[in-house]
Amino acid sequence: MQREHGVLPAWIDELRLAYESGAHGQFVLYGNVADRFPLEGRLVSLTRYLEARLLGTFHIVFLYDPGNGLSLLRGGERFAQWPAAEKIQPWPHDPRDAVELISRYLRYQANLRALGRGGDEHVAVILRGAELVLPASRQGDFATASLASLVRDWAAEPPFSDMAFASLLIADNLNDLHPLVASNPRIDRVQVPLPDAESLQQCLAQLRLDHPKAFAEDDAAAAQTLAGVSLSALASLVRRRAHEGRVLGPQDWVEAKKDLVETDSAGLVEFIESERTLDDYHAQDALKTWLRQDMALWQAADLRALPKGYIICGPVGTGKTYLVECLAGEAGVPVVKLKNFRDRWVGSSEGNLEKIFRLIRGLGRCIVFVDEADQTLGKREGGGSDGGLSGRIYSMIAQEMGAADNRGKVIWILASSRPDLIEVDLKRPGRVDVKIPLLPTTSVAESAGLLKAMLKRFDLRLDSSALEQLALPLLLTPGAAEALAVKVYRQVRTAGLDALAALEQCLQGYQPPVSPQVLRFQMEIAIREATDVAFVPESLRALGQEVVAP
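All letters in the sequence shown, in the order written, are residues 53 to 602 by the numbering used here.
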């Protein structure tokens with residue numbers, strides 16, 4: 053394979069080493085394969101990049117993709133010397149016909165070599181959209197399995213394994229590819245990552261030359277800000293702004309990153325942006341101190357005492373998402389919230405998770421937020437009702453959460469009102485190190501403070517002393533307090549009452565939104581899960597001694 057002057061991405065060197073050493077002749081390239089790659093001042097497709105950077109010494113390079121069928125990227129004159137070449141009209145479009153034609157040509161070259169009449173050609177095949185040709189969703193289909201078997205033969209069976217032959221299968225996600233190929237131990241699987249800061253800086257430098265109207269004078273920090281963005285998405289943004297004559301400034305890069313990453317992820321994640329900090333969150337001093345210390349360790353890159361993950365647990369409405377927003381503002385890093393990645397098609401859910409993990413790694417330091425974690429993360433034993441999907445999702449997430457090289461880069465935050473339903477292995481140290489209970493108010497003073505903060509959002513200001521004179525409910529959650537504040541505001545606007553009178557009226561016949569039995573049960577679970585008893589108000593610590601289902 054051709055060796056390029058200068059520094060190339062690590063995955064390119066990995067692929068070249070595996071081929072030149074004879075360790076592998078077939079490769080599955082997956083991940084950021086739909087992106088563009090820098091080549092001589094231009095951004096080109098992965099196919100063109102591979103052909104130029106790796107396959108320059110190959111005599112013949114075949115290309116197959118489901119849309120255009122089989123073609124030659126290089127070596128037309130050599131291929132025409134094959135006696136059977138003149139009979140190929142038109143070139144095959146069907147994948148099986150294309151694979152069989154390539155195999156016939158390779159066998160012909162092997163026979164020439166055996167007869168001492170040449171056969172020393174270096175041949176390569178690039179198969180684009182491999183997951184469309186050999187989909188995991190058709191594992192039980194004989195025709196697909198038969199084709200997968202033919203392609204697999206290129207990796208290990210004579211004469212293909214004895215020739216100067218390389219086959220490159222390109223797929224968006226490894227889990228979308230037929231297991232006969234994806235799981236073959238004789239195939240090298242190479243992940244194409246999202247561009248790093250250096251690649252982004254090179255791309256920005258070229259885009260600045262091509263589209264100067266889109267750039268301010270100083271954009272040195274843009275590459276760091278844009279970690280996790282593909283080059284193709286970045287180029288589209290710059291071209292659009294240049295056409296509009298609008299300059300991209302520092303805040304534009306931040307907003308653009310959010311939009312570009314969410315678009316590239318096909319809606320599988322969303323960014324949580326927050327200007328709040330832990331100063332905006334009312335909780336036990338011990339809890340806020342702990343979280344601030346963790347964020348300080350993270351920012352100082354002192355990783356040995358840094359947790360890899362948190363579980364935030366407590367009854368519904370206790371502000372679990374709000375705490376994540378405050379923590380995001382405190383940490384000053386991107387927060388990615390997992391959305392619904394499950395799909396009804398075989399392999400699609402696993403493929404969606406691959407995309408999410410690829411994005412997380414590309415972002416650098418970030419927080420990953422999983423809401424309703426007891427429902428999202430799957431189970432070790434998924435049962436037969438979902439075809440084992442839950443178990444496979446569990447396995448993938450457990451492996452990613454426990455990856456040693458993620459410590460200091462990714463912090464996982466799981467939120468659940470039923471942490472007892474999350475698999476024990478996902479909650480163990482090394483995946484989740486800190487379990488935080490969020491609990492309702494336990495005194496009139498706490499209820500008054502919470503209500504005062506909620507009413508302030510509606511420009512209704514009441515003194516704590518006045519609030520404490522009312523018959524305020526205990527075990528009040530932020531969600532319940534917000535609902536009560538909305539009701540008070542409505543009374544002020546519709547009945548013309550002052551805030552205090554409206555609140556008094558709303559408290560008459562007040563019913564909590566969650567039944568006391570369910571609330572107590574979820575409190576007991578959260579208290580028992582707590583990493584440190586200091587996180588629990590002293591008046592509630594006895595609740596964690598015994599849990600009785602509602």
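Yeah, the Cβ is synthetic: ideal placement off N, Cα and C, and Gly gets one too. As the structure is a prediction and not an experimental result, all values here were calculated from the model.
- Three or more beta-carbon pairs drawn from the stretch 359-366 and the stretch 481-491 are found closer than 8 Å, and the two stretches are therefore classed as touching.
- For I445, the uninterrupted alpha helix (DSSP H) run begins and ends at 441-454, by DSSP.
- As a beta-bridge residue in DSSP terms, S468 pairs with C365.
- Bridge partners of S235 according to DSSP: none are assigned.
- One thing to note: G369 has its Cβ within 7 Å of the Cβ of T529.
- Annotation for Y71: the continuous alpha helix (DSSP H) segment containing it runs 62-72.
- If you draw a straight line from the Cα of I64 to the Cα of A535, it is about 56 Å long.
- Per the DSSP secondary-structure output, I140 pairs with nothing in a beta bridge.
- Nearest C-alpha to P481 among L512, A357, L491, A594: A357.
- Judged by DSSP in its simplified three-state form, P489 adopts strand.
- Y116: member of the beta strand (DSSP E) spanning 112-117, first to last residue.
- By the Cβ rule, the stretch 376-385 does not count as touching the stretch 497-505, because fewer than three pairs are nearer than 8 Å.
- Cβ-Cβ distances below 7 Å link L289 to A308, L312 in the same chain, with the five nearest sequence neighbours on each side left out; the list follows chain order.
- In the three-state DSSP reduction, Y82 falls in the strand class (E or B).
- Only exposed fits Q560, as fewer than 16 other CB atoms lie within 10 angstroms of its CB.
- The continuous stretches of alpha helix (DSSP H) do not include Q243, which lies in the beta strand (DSSP E) extending over residues 240-244.
- C418 has V462 as its beta-bridge partners, per DSSP.
- Taking C-beta atoms as the reference points, Q303 and A275 fail to come closer than 7 Å.
- Cβ contact annotation for P589 (same chain, cutoff 8 Å, sequence separation greater than five): Q336, L491, T494, in chain order.
- DSSP places K479 inside the alpha helix (DSSP H), whose first and last residues are 476-479.
- Comparing alpha carbon positions, the residue from M453, Y157, L429 closest to I445 is L429.
- In the DSSP assignment, F217 falls within the beta strand (DSSP E) that extends over 217-223.
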